[in-house]
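The opening position of the sequence shown corresponds to residue 1 in full-length UniProt numbering, with each subsequent residue numbered one higher.
All C-beta atoms in this analysis are idealised placements derived from N, C-alpha and C, irrespective of residue type, glycine included.
Worksheet for the structure shown next.
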Amino acid sequence: MTHPLHDVRLPGPTLVLVDDSDALALDALHGIEDVPGIEPTIVPLSALTGPRKGWGSVLVVAADRARLRRMASAVPLLGQCKAVACWLTDAPTPWVLVPRPEWPRLVHLAAREAGGRGVLTVARFASGARAQLVVMEMARQAAGPGDTTHGGVVVSYAGRPAAPGLDARAVLLPDVAGAGAVERDVPPDVVVARRRAASQQSVEPHHVIDRAPTVVTDPGPEPVDERVFNPVGFRKDWHHPVVDLARITRGPVTEGVVAAARAFQGVRLPADTRTADLLALAISGVPLVTEGVLDVAPPLAEALDAEVDLDDPLRREEHSLAVRRAAFDHHSTLAWRSALASRAGVRHVALPPVSALLATRRPEMLEFALRQVARQRGAEVELVLAAHGFEPDREVVRRVLGDRPHQVLTFDQPAFFGDVLTAAARAASSEVLLKVDDDDWYAPDAVHDLLMARRFSGADVVGMPSEFVYLHANDEREALTVRRKHPSEVFARFVAGGTLLLDRGLLHSLGDFRRVRKFVDAQLLAGVEAAGGRIYRTHGLGYVLRRTGAGHTWQRDDEEFRRPDIVAVEWPGFRPSLALEVDPVDRPDQDSTGGS
């Protein structure tokens, strides 16, 4: 059989780095000594005790991006070489390395499939490049653009490898005492250690942080790397029924296994499933059927144990959402670091605060809109109310919002809609902004889920599709809820305008909201796309668009929402997803405004 690297030519000698615990990568290396054009010296990470120099090229081998990102901190000084390659043996999609400006001139870059066994990235330089830094940058970029910071908590590891999820330059120590070394300029806040590495030693207070780093020997299950394992690519349909995990893999769950699982109605896990495998599937949104005791946080165990009809596509997706949300909240790298920061008493930036921008010219919809914001959970949300053409009752605003922070701005009726939103954005106290509409329904987790998608996607703008649409009628018996065939959990060009989430800096760089009377959302998305920004569309279960035929800045005939080519299903009356958790007072048949 031809070796996957048979046509790769690397200047020799070649240092081949592999993680000892990565069985798939180790297996893939069988026979590499016989590949023409490669003079390999295979070195497992456990054998690295110091700098390794004098190589013509370096080849890093890992099963997938998550394993590459985990091993990056263990890569030592490698000196300079003219070629650095990365072979991900069980990853489904090639990825392209973007060279850093301080590197030597790049003369060749390849990103392709590796002969039916994973994907390969090769970078060749005109002169010697510092291989260690190239490998670490490959690990950083493999998950795509987005947040790769440590959030303010510096972690080192003693007697054990780094946790999943890239912690650039995380220090690996033989014992905990080294964390307090006086010559260390960047001491850790937390040392995660095996018990035997911490049992006989203590850490001295460090003069930089004025305390001893906190030693943690019981961090709980290892986190799952949400930048690699996430719902991107979730399918609402399926080609095959529920499948046993053993039918799609005999080894650990990798990116390739998750991609294969997308075609199935669900995956059945045996009682002895490794926690890491369960978490990778759960946070990816793969519908799961589990049995036995699970070594996971109680909210995730509860979500997994819930009764669900997987034959119903909507119930199946609701189950997937509940599971992936619980996995993210309790087992992501973000949650893991936040827990470590709490134990050490240091600051950590997890999900950032959000300022919701609500511009409304309909006083009759105000209390309804306020309730949608007041019920948000799992996120810090400030409301910036921009009343357009009327003076809102500020006591009503305070009563409905309770202790939620808010600001109230007023504008004359002739003001441009875009100017109203720009003023609201400038008044906001948060660096992340969310545009909301006054007559649409939002689930209690809507803001949280948008922030979750922002984290795992790395997108510049995140939003939901207008997948569920309530078509109001004067006679409530004629009202309809339409579920449209909007793809979700995908990078896209369009998201619902009432769900636009983006950074204040990006909005400002676009010149803020354009001075327009209507189509302000379209202007913003067009500007983001023109600037090369990435737009991500997460699930549509937590948002219902209301169409009443009047009062909107854009008008469309109801039949446009009922075209057979875009409608998945229709129901009489108001029928949102269970994820909406709508309060009875906000149901259309209970709304005193009648939705107009």
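query, result
"Beta-carbon gap between Pro299 and Ala326 smaller than 7 Å", "yes"
"Identity of the residue in His319, Met365, Pro219 and Val242 nearest Val296 by Cα", "Pro219"
"beta-carbon Leu314 near the ligand FAD non-hydrogen atom, thresh 6 Å", "With respect to small molecules bound, the structure shown includes none, and the ligand FAD cannot be examined in it."
"Bridge-paired residues (DSSP) for Pro36", "Per DSSP, none; premise fails for Pro36."
"Three-state class that DSSP yields for Val192 in the structure shown", "strand"
"Cβ-Cβ distance between Pro188 and Val154 below 7 Å", "yes"
"7 Å Cβ cutoff met for Thr254 and Ala72", "no"
"Own chain partners of Ala83 with C-beta closer than 6 Å, once the 5 adjacent residues on each side are dropped", "Leu10, Pro11, Ser57 and Arg124"
"Buried or exposed by the 16-neighbour rule on C-beta atoms within 10 Å, applied to Thr49", "exposed"
"Local Cβ density within 10 Å of Asp19, reported as buried at 16 or more and exposed below that", "buried"
"Spatially closest choice to Leu133 from Glu102, Arg534 and Gln407, by CA coordinates", "Glu102"
"Nearest residue (CA-CA) to Ala23, options Thr14, Arg65, Thr89 and Pro51", "Thr89"
"Short Cβ contact (7 Å threshold) for Val436 with Gly498", "yes"
"Spatially closest choice to Thr481 from Val528, Ser466 and Leu26, by CA coordinates", "Ser466"
"Residues bridged to Ile535 [DSSP beta-bridge criterion]", "Val461"
"Thr360 in three-state terms, based on DSSP", "strand"
"Candidates Val567, Pro414 and Val208: closest to Arg184 by CA position", "Val208"
"Cutoff 6 Å; reference His206; Cβ partners in own chain excluding five residues on either side", "Gly180 and Pro187"
"Ser592 to Gly532 span [Cα, whole Å]", "Only weak support exists for where Ser592 lies, its pLDDT of 39 falling under 50; the value from the coordinates is given anyway. Answer to the nearest angstrom: the Cα atoms are 44 Å apart."
"Same chain, Cβ closer than 6 Å to Gly418, five either side skipped, listed in chain order", "Phe513, Arg514, Arg515, Val516 and Val520"
"Segment limits, beta strand (DSSP E) that includes Ala111", "Leu106 to Glu113"
"Leu109 classed as buried or exposed, judged by whether at least 16 other C-beta atoms fall within 10 angstroms", "exposed"
"Residue closest to Leu502, alpha-carbon to alpha-carbon, out of Gly146, Thr14 and Gly266", "Gly146"
"Length of the line joining the Cα atoms of Phe411 and Glu367", "19 Å"
"Residue from Val61, Gly251 and Gly292 with nearest C-alpha to Ala114", "Val61"
"Length of the line joining the Cα atoms of Asp167 and His319", "31 Å"
"In DSSP terms, what Glu87 is bridged to", "Reading the sequence as shown, one finds Trp at residue 87 and not Glu. Paired residues: Val61 and Leu120."
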